[in-house]
Amino acid sequence: MKSNVIFTILSISLFLLNWEIFYWSIIRDPFLLAPPSRVVPTFIRLFIGQDPSFYMPLDVLYSLYHYAIGFSVAVVFGVSLGLLMGYLKTIEKIIAPTIELLRPIPPIAWIPISILLLKLTHVSAGFIIFIGAFFPILLNTRHGVANVELKFLEAGITLGADEFNLLRKVIIPGAIPSIFTGIRVGSGVAWMCVVAAELFGVSAYGLGYQIEIARLYHAPEIVISYMLSIGLIGYVLDRMYKFLENRLLKWRRGLVVE
Amino acid sequence: MNEILRVTGLRKRFNELLVIDGIDFSVLEGEFFCIIGPSGCGKTTLLRIIAGLEKFEGNVFLRGKPIIKPGIDRTMVFQDYALFPWRTVIGNVVFGLELKKIPKKEALKMANEMIRIVGLEGFENAYPHELSGGMKQRVALARALVCDPEILLMDEPLSALDAQTRIEMQNELARIWQKTKKTIIYVTHSIEEAVFLSDRILVMSKRPAKVKAMIEVPLPRPRNRFGKEFLEISLRLYKILENQINGPGGI
Chain A
1087 MKSNVIFTIL
1097 SISLFLLNWE
1107 IFYWSIIRDP
1117 FLLAPPSRVV
1127 PTFIRLFIGQ
1137 DPSFYMPLDV
1147 LYSLYHYAIG
1157 FSVAVVFGVS
1167 LGLLMGYLKT
1177 IEKIIAPTIE
1187 LLRPIPPIAW
1197 IPISILLLKL
1207 THVSAGFIIF
1217 IGAFFPILLN
1227 TRHGVANVEL
1237 KFLEAGITLG
1247 ADEFNLLRKV
1257 IIPGAIPSIF
1267 TGIRVGSGVA
1277 WMCVVAAELF
1287 GVSAYGLGYQ
1297 IEIARLYHAP
1307 EIVISYMLSI
1317 GLIGYVLDRM
1327 YKFLENRLLK
1337 WRRGLVVE
Chain B
1338 MNEILRVTGL
1348 RKRFNELLVI
1358 DGIDFSVLEG
1368 EFFCIIGPSG
1378 CGKTTLLRII
1388 AGLEKFEGNV
1398 FLRGKPIIKP
1408 GIDRTMVFQD
1418 YALFPWRTVI
1428 GNVVFGLELK
1438 KIPKKEALKM
1448 ANEMIRIVGL
1458 EGFENAYPHE
1468 LSGGMKQRVA
1478 LARALVCDPE
1488 ILLMDEPLSA
1498 LDAQTRIEMQ
1508 NELARIWQKT
1518 KKTIIYVTHS
1528 IEEAVFLSDR
1538 ILVMSKRPAK
1548 VKAMIEVPLP
1558 RPRNRFGKEF
1568 LEISLRLYKI
1578 LENQINGPGG
1588 I
């Protein structure tokens, strides 16, 4: 445990040192790249909202807002449609071909149509994020429902469960681990899409948008600071779902061993 | 004793394959009834038919009413337990009671009582993955018994256990059966287990299965596994089973 911490510190220090050396030995141009010694103070100044032209706390809020719009809708529709598709073969047959047609289109490819239809709005950014998160959530939920073991279904039936109770008390609890996998994968994709959507100007606010603005200002230390904050928030979001998963799925611990 | 289950002219096909070829028997109320036979002969299929999990030709009556689908009057203990891993011990045991719409407080009381009967006090809040095989089987038994079924169906419930736990669980089962006075239909491939537990033993022939013999076990309980009569009945059973595996008697 302790040696892990040491290796983490060592790894990051080496990376920063090399970056610093790389800047001063090769680049040496503040309009192209910034070394860590310049990025770190800039990041702190931005993060606590002390920069005259960029107010990062507000950008964080806007990005989380876009994320919340797209991701929550994706969870609601992805999970419910996934449950339906996994449970009812007819619905699966009707919907699956369309899903397979739309799924390979990258979320970024939806940006132009989103701008045309929804203009430069928060909803427009939310739409891109929805596209990104929807498919992993849908497919994992469907997989989870369709793969609940037959023995659990038969146990439920012989204990007196009707169709509705079977769905509520056996199929959904049995599919929860897959649903959570879908939510975590979906959240990761959603966060990438936040940056992409804002970067392309779907919304005039947020972390992704400011990165682009900072590039136009030729301020690489600000660009990198925003990159850092995007990474940090993505990490925190993932940890949050992981924590939630461990709390809700206590029964899974040790199950892998069996 | 009254007849509780009657099976007449039962046949079962899986597509073209005839698995059960005309079986007739009846089970008495409160009886410990074993079904034994060579592996693959359709013992489990027969049990699943009674549970209502399989389609079939012929008639199966429970107290005079034909069985057409699963029902809470026949609960089942599965070979691999089939405990819900997302529910604790108590959660698994109350499952059937929840579906019966029994008020929560009363359901928990009944479940706790049943957990005590099967000897699992102190493990109410454990999850299945934290339990040993024998303990899981006790949970499965409690879950099926607490629903107070007319008939308890058990499908080789002890076959996944080690020899020592198996003997311990056989003793437990005999004790619990005497305490609850349930009708039990029990599928096994172990001669000793059948003789130790049953009032009567139905011996099935190899596929396509027919009734090969019906053996009474009129021994007092608790039974001595090494008593003279016990061994005599075991030997008789052994000969019937051996005969149909090697000899021409298998039809």
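Protein sequence lines correspond, in order, to chains A and B.
For the first sequence, my numbering begins at 1087 and goes up steadily by one.
For the second sequence, my numbering begins at 1338 and goes up steadily by one.
Quick reminder that beta carbons are idealized off the backbone N, C-alpha and C, glycines included.
Since the model is a prediction, treat every value here as computed from it, not as a measurement.
Beta carbon proximity, residue i to chain B, threshold 9 angstroms
{"i": "Gly1172(A)", "result": "no"}
{"i": "Ile1262(A)", "result": "yes"}
{"i": "Asn1251(A)", "result": "yes"}
{"i": "Glu1344(A)", "result": "Summary for Glu1344(A): the model assigns pLDDT 36, below 50, so the residue's position carries little reliability, and this model does not support an answer."}
{"i": "Glu1240(A)", "result": "yes"}
{"i": "Arg1333(A)", "result": "no"}
{"i": "Ile1243(A)", "result": "yes"}
{"i": "Ala1232(A)", "result": "no"}
{"i": "Val1165(A)", "result": "no"}
{"i": "Gly1246(A)", "result": "yes"}
{"i": "Lys1237(A)", "result": "yes"}
{"i": "Pro1259(A)", "result": "yes"}
{"i": "Leu1096(A)", "result": "no"}
{"i": "Lys1336(A)", "result": "yes"}
{"i": "Lys1255(A)", "result": "yes"}
Test: residue i CB closer than 9 angstroms to a CB of chain A
{"i": "Lys1349(B)", "result": "no"}
{"i": "Lys1437(B)", "result": "yes"}
{"i": "Pro1440(B)", "result": "no"}
{"i": "Leu1478(B)", "result": "no"}
{"i": "Arg1424(B)", "result": "yes"}
{"i": "Leu1618(B)", "result": "An answer regarding residue 1618(B) cannot be provided, because it is not within the stretch 1338 to 1588 covered by chain B."}
{"i": "Gly1433(B)", "result": "yes"}
{"i": "Thr1517(B)", "result": "no"}
{"i": "Thr1502(B)", "result": "no"}
{"i": "Phe1567(B)", "result": "no"}
{"i": "Arg1562(B)", "result": "no"}
{"i": "Glu1475(B)", "result": "Strictly speaking, residue 1475(B) in this sequence is Arg, with Glu absent from that position. Taking Cβ atoms only, chain A never reaches closer than 9 angstroms to Arg1475(B), which makes this a no."}
{"i": "Arg1558(B)", "result": "no"}
{"i": "Gly1379(B)", "result": "no"}
{"i": "Asp1499(B)", "result": "no"}
Residue closest to residue i, alpha-carbon to alpha-carbon, out of the options
{"i": "Phe1220(A)", "options": "Gly1272(A), Gly1172(A), Ala1232(A)", "result": "Gly1272(A)"}
{"i": "Arg1400(B)", "options": "Met1338(B), Gly1377(B), Leu1445(B), Phe1415(B)", "result": "Met1338(B)"}
{"i": "Arg1537(B)", "options": "Met1413(B), Glu1579(B), Ile1528(B), Pro1545(B)", "result": "Ile1528(B)"}
{"i": "Glu1566(B)", "options": "Pro1555(B), Gln1474(B), Lys1576(B)", "result": "Pro1555(B)"}
{"i": "Met1472(B)", "options": "Asn1396(B), Asp1499(B), Glu1487(B), Leu1572(B)", "result": "Asp1499(B)"}
{"i": "Val1231(A)", "options": "Gly1218(A), Pro1263(A), Ile1201(A)", "result": "Pro1263(A)"}
{"i": "Ser1200(A)", "options": "Phe1286(A), Leu1103(A), Ile1319(A), Gly1260(A)", "result": "Phe1286(A)"}
{"i": "Leu1489(B)", "options": "Val1356(B), Phe1415(B), Asp1358(B)", "result": "Phe1415(B)"}
{"i": "Val1483(B)", "options": "Val1430(B), Arg1385(B), Leu1355(B), Lys1406(B)", "result": "Val1430(B)"}
{"i": "Ala1388(B)", "options": "Leu1335(A), Gly1242(A), Ile1258(A)", "result": "Gly1242(A)"}
{"i": "Gly1428(B)", "options": "Pro1407(B), Ser1363(B), Asp1417(B), Met1451(B)", "result": "Met1451(B)"}
{"i": "Tyr1109(A)", "options": "Tyr1295(A), Glu1240(A), Val1125(A)", "result": "Val1125(A)"}
{"i": "Ile1217(A)", "options": "Ile1299(A), Val1309(A), Ile1155(A), Phe1250(A)", "result": "Ile1155(A)"}
{"i": "Ala1261(A)", "options": "Glu1487(B), Leu1478(B), Tyr1418(B), Pro1422(B)", "result": "Pro1422(B)"}
{"i": "Arg1350(B)", "options": "Lys1392(B), Phe1460(B), Glu1458(B)", "result": "Lys1392(B)"}
{"i": "Arg1189(A)", "options": "Leu1224(A), Gly1294(A), Asp1145(A), His1304(A)", "result": "Leu1224(A)"}
Classification of residue i by the beta-carbon crowding that lies within 10 angstroms, buried from 16 upward
{"i": "Ser1149(A)", "result": "buried"}
{"i": "Glu1589(B)", "result": "Any property of residue 1589(B) remains undetermined from this structure, which presents chain B solely from 1338 to 1588."}
{"i": "Gln1515(B)", "result": "exposed"}
{"i": "Ile1588(B)", "result": "A caution first: Ile1588(B) carries a pLDDT of 39, below 50, which makes its placement in the model too unreliable to give a value."}
{"i": "Ala1276(A)", "result": "buried"}
{"i": "Gln1474(B)", "result": "buried"}
{"i": "Glu1284(A)", "result": "buried"}
{"i": "Ala1481(B)", "result": "buried"}
{"i": "Ile1092(A)", "result": "exposed"}
{"i": "Gly1564(B)", "result": "exposed"}
{"i": "Asp1492(B)", "result": "buried"}
{"i": "Met1171(A)", "result": "buried"}
{"i": "Ile1112(A)", "result": "exposed"}
{"i": "Ala1182(A)", "result": "exposed"}
{"i": "Asn1226(A)", "result": "buried"}
{"i": "Arg1254(A)", "result": "exposed"}
Bridge partner(s) assigned by DSSP for residue i
{"i": "Asp1358(B)", "result": "Arg1348(B)"}
{"i": "Cys1371(B)", "result": "Tyr1523(B), Ile1538(B)"}
{"i": "Met1491(B)", "result": "Val1414(B), Tyr1523(B)"}
{"i": "Asn1396(B)", "result": "Thr1345(B)"}
{"i": "Glu1340(B)", "result": "Leu1365(B)"}
{"i": "Ala1120(A)", "result": "Paired residues: none, contrary to the question."}
{"i": "Met1551(B)", "result": "Leu1539(B)"}
{"i": "Pro1403(B)", "result": "Phe1398(B)"}
- Of all the residues that make up the region 1382-1406 of chain B, which are near chain A by a beta-carbon distance shorter than 8 angstroms? Residues of the region 1382-1406 of chain B with a C-beta atom less than 8 angstroms from some C-beta of chain A are Ala1388, Gly1389, Leu1390, listed in chain order.
- Task: Note down, in chain order, all residues in the region 1448-1472 of chain B with a beta-carbon under 8 angstroms from any beta-carbon belonging to chain A.
- Result: Tyr1464, Pro1465, His1466, Glu1467
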